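If you count by the working numbering, then the sequence shown holds residues 1120 to 1244, one letter each, in order. Each remark here refers to the structure printed beneath this line.
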Amino acid sequence: FAGGEGGLVANMKNMQTWMHKTALSLDAKNPELIYFYTHELEETIEAVEEIESYKDYNIEALTKQVLVPEFEKFETLVKAKKLDQANEQFDKMVAACNQCHTTVGHGFIKIKRTESNPFMQEFAN
């Protein structure tokens, strides 16, 4: 289901996967993969926007206020193939994730970009 704790947790897991794969694609400077994972990330963000509340927090509104503007800037840069600027904007998206976590009393969940590749996948083109 989309709402409730299960939906939020599942979507956060998906978002973390897509964020990490996007970061690895950025590190590899692979525009096709960056674009692909940006789309997957967008779909996950849209799913999170459907979650109206978690505990006493309006997840839909918080996502639209904090994460979506940073994502849209990132997406624009990706589409324009401005990869260095997209890379910088990606870090702002990570900061937005951490801002949301702090806002909902989960500041102990800290997202940090890492270069390690836990996936059975090559990210270079």
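Even glycine gets a Cβ: it sits at the ideal position worked out from N, Cα and C. What you are looking at is a predicted structure, and each value in this text was computed from that prediction instead of being measured.
If you count every other CB in all the chains shown that lies within 10 Å of the CB of residue i, and 16 or more means buried, which is it?
i: GLU1189; result: buried
i: GLN1208; result: buried
i: THR1157; result: buried
i: THR1141; result: buried
i: GLU1241; result: exposed
i: GLY1123; result: Any reading at GLY1123 must be qualified, since the residue scores a pLDDT of 49, below 50, and its modelled position is unreliable; the value itself is stated next. GLY1123 should be labelled exposed.
i: PHE1120; result: Low per-residue confidence applies at PHE1120: pLDDT is 36, beneath 50, and the placement is therefore not dependable, though the value from the model is reported in the following sentence. Flag for PHE1120 reads exposed.
By the DSSP assignment, the alpha helix (DSSP H) with residue i in it spans what residues?
i: TYR1154; result: 1150–1168
i: PHE1193; result: 1187–1198
i: THR1222; result: 1202–1222
i: ALA1243; result: Neither: ALA1243 is in no alpha helix (DSSP H) and is coded neither H nor E.
i: ALA1180; result: 1178–1181
What's the C-alpha gap between residue i and residue j?
i: MET1239; j: TYR1154; result: 19 Å
i: LEU1127; j: LYS1183; result: 15 Å
i: ALA1147; j: ASN1244; result: 8 Å
i: ALA1205; j: TYR1173; result: 30 Å
i: VAL1197; j: LEU1143; result: 14 Å
i: GLU1169; j: ARG1232; result: 26 Å
i: THR1163; j: VAL1213; result: 15 Å
i: ASN1236; j: TYR1176; result: 33 Å
So, using beta-carbon positions, are residue i and residue j closer together than 8 Å?
i: GLU1191; j: GLU1179; result: no
i: PRO1150; j: LYS1200; result: yes
i: VAL1167; j: MET1134; result: yes
i: GLU1194; j: GLU1161; result: yes
i: LEU1152; j: LEU1202; result: no
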